[in-house]
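Asks: Quick one: the structure is below, and I'll ask about it shortly.
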Amino acid sequence: MSGRSQGATTSVTRRSDKLNAWAAHHRRVSIETLQQLIANPFSSAMTWLVIGIALGLPAILFVVLQNVADISGDWGGKPRMSLYLNPEVTVKAARNFSGEIERRADVATSVFISSDDALREFQNRSGFGEVLSTLDRNPLPHVIEVIPVSPDPMELSSLVTTWEEHELIERVSVDLNWLERLFALLVFAERLVTALASVLALGVMLVMGNTIRLAIENRRQEIEIVKLVGGTDAFVRRPFLYLGFWYGLGGAVVALLLLWLSLFLLSAPVEQLAQSYRDDFALHGPGFGGGLLILLTGAALGTLGAILAVSRHLSDIEPR
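Residue numbers (my numbering): 2 to 321.
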């Protein structure tokens, strides 16, 4: 029993030593590859800049689209629907009906405008106050201005259908055509940016593949010697994978810098435009989650491009 116990302990110790050696080699290789990039700042910066532009362009467009979607939600995305009531509806009944509408879960706000208030406002704006005052009765109906919660055209159409059938409502006024065009344009733009991002991601992988191929060719003799003395493919492959990782991560950092620089340059004109509409809208960045996603995407694309390049070119190098 003691011999078996000692053998098991020795086996566990050996596995632990191998794991420690494996982790130490990963740590050493990652640091060495980063130092190699820093030691060649010009070539590294050029590669980082190319990757950063490829990652930053779709990121900027995605952020702009998100801000446009926010604008449509705050301004035109929640259209004002006008419910014109039947002439025989009293003020009290109209107010009660407006309160019922505002308590609906699919309605954000509801504002009741009596026929007298509507007439006074029309007189002030039109300049025909004297002419309108000669009329025997007020020709304007009570109106309820409704702002729905959802800007979705399908849900708005459902609301219009529901209210058109209500006995107190004579007519419902809302322009859904421009909303449908806006949503269609946003969907098209989002898919266009997605397609552009896919193409640029492929470009990042191709750039990385070519960069790693050149790195392999520059170290051909070293690779042949390592393989000659028994170095495994994983051992030989590891530095190039970390090289791709650092290239991708550095390019993602450049993409974030370009993104924030673009937002900084655009923020002042956008705020001035918003103030002209008496709105306090401001451009929003990707946030912590979006920034982390860009970093992970860059690192993943760099590593994947390195894997493909190493798998393709490293097998061609064998010791003579």
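The beta-carbon is built from N, C-alpha and C at its ideal position, and this holds for glycine as well.
Locate the beta strand (DSSP E) running through P154, then write down its first and last residues.
Replies: It is not in any beta strand (DSSP E) - P154 instead sits in the alpha helix (DSSP H) that spans P154 to E165.
Asks: Classify R313 as helix, strand or coil using the three-state DSSP reduction.
Replies: helix
Asks: Going by DSSP, name the residue or residues bridged to V230.
Replies: According to DSSP, V230 shares a beta bridge with no other residue.
Asks: Among residues of its own chain, excluding the 5 on either side of A190, which ones have a beta-carbon nearer than 7 Å to its beta-carbon?
Replies: L66
Asks: According to the neighbour-count rule (16 or more other Cβ atoms, all chains shown, within 10 Å of its Cβ), is F63 buried or exposed?
Replies: When all chains shown are included, F63 counts as buried.
Asks: Does DSSP put A106 in a helix, a strand or coil?
Replies: It is coil, neither helix nor strand.
Asks: With which residues is V144 paired in a DSSP beta bridge?
Replies: Answer is Y85 and I114, bridged to V144.
Asks: Using the Cα positions of H314 and D18, report the straight-line distance between them to the nearest angstrom.
Replies: 32 Å
Asks: DSSP puts I170 in a beta bridge; with which residues?
Replies: In DSSP, I170 forms a bridge with L86.
Asks: Does the pairing of the region 143 to 154 with the region 103 to 112 give three or more beta-carbon distances under 8 Å?
Replies: yes
Asks: Taking only the alpha-carbon atoms, compute the straight-line gap between E171 and R182 and give it to the nearest angstrom.
Replies: 27 Å
Asks: For A310 and W23, what's the separation of their Cα atoms in angstroms?
Replies: 23 Å
Asks: Note down the Cα distance separating R96 from S158, rounded to an integer number of angstroms.
Replies: 24 Å
Asks: Can you list, in chain order, the residues of its chain with a C-beta nearer than 8 Å to that of V173? Leave out the 5 residues immediately preceding and following it.
Replies: Cβ contact annotation for V173 (same chain, cutoff 8 Å, sequence separation greater than five): M82, S83, L84, Y85, V161, W164 and E165, in chain order.
Asks: Determine the direct distance from the alpha carbon of L284 to that of V268, and round the result to whole angstroms.
Replies: The question names Val, yet the displayed sequence has Ser at residue 268. If I take the Cα positions, the gap works out to 6 Å.
Asks: Between I295 and L56, what straight-line distance do the alpha-carbon atoms span, to the nearest angstrom?
Replies: When rounded, the separation of the alpha-carbon atoms in I295 and L56 is 8 Å.
Asks: Per the DSSP calculation, P149 is bridged to which residue(s)?
Replies: V108
Asks: Determine the DSSP secondary structure at N68, reduced to helix, strand or coil.
Replies: helix
Asks: Check whether the region 232 to 244 and the region 195 to 202 touch, using three or more Cβ-Cβ pairs below 8 Å as the test.
Replies: no
Asks: So A185 and F241 are in contact, right, with Cβ under 8 Å, and what is the actual spacing, rounded?
Replies: Contact flag wrong, Cβ pair sits at about 46 Å.
Asks: Taking 7 Å as the limit between beta carbons, can you name the residues of its chain near A119, skipping five residues before and five after?
Replies: L141 and V144
Asks: Is S99 near S116, with beta carbons less than 7 Å apart?
Replies: no
Asks: Among G249, Y243, P287 and L274, which has the Cα closest to the Cα of L262?
Replies: P287
Asks: How about L201 and P59: do their beta carbons lie closer than 7 Å?
Replies: yes
Asks: Under a CB-based cut-off of 7 Å, is V311 close to chain D?
Replies: In the structure shown, chain D cannot be found, because there is only a single protein chain.
Asks: Please classify G77: is it buried, with 16 or more other beta-carbons within 10 angstroms of its beta-carbon, or exposed?
Replies: Because G77 sits at a pLDDT of 48, beneath the cut-off of 50, its placement in the model cannot be relied upon, and the point is left open.
Asks: So, is A1 buried or exposed, given that buried needs 16 or more other C-beta atoms within 10 angstroms?
Replies: The displayed coordinates of the chain run from 2 to 321. Any statement about residue 1 would go beyond what the structure contains.
Asks: In its own chain, which residues sit with a C-beta less than 7 Å from the C-beta of L50, not counting the 5 before and 5 after it?
Replies: V255
Asks: When you compare only the Cα positions, how much space is there between G245 and P42?
Replies: 16 Å
Asks: Is A40 buried or exposed, if buried means 16 or more other CB atoms sit within 10 Å of its CB?
Replies: exposed
Asks: Where does I295 fall in DSSP's three states?
Replies: helix
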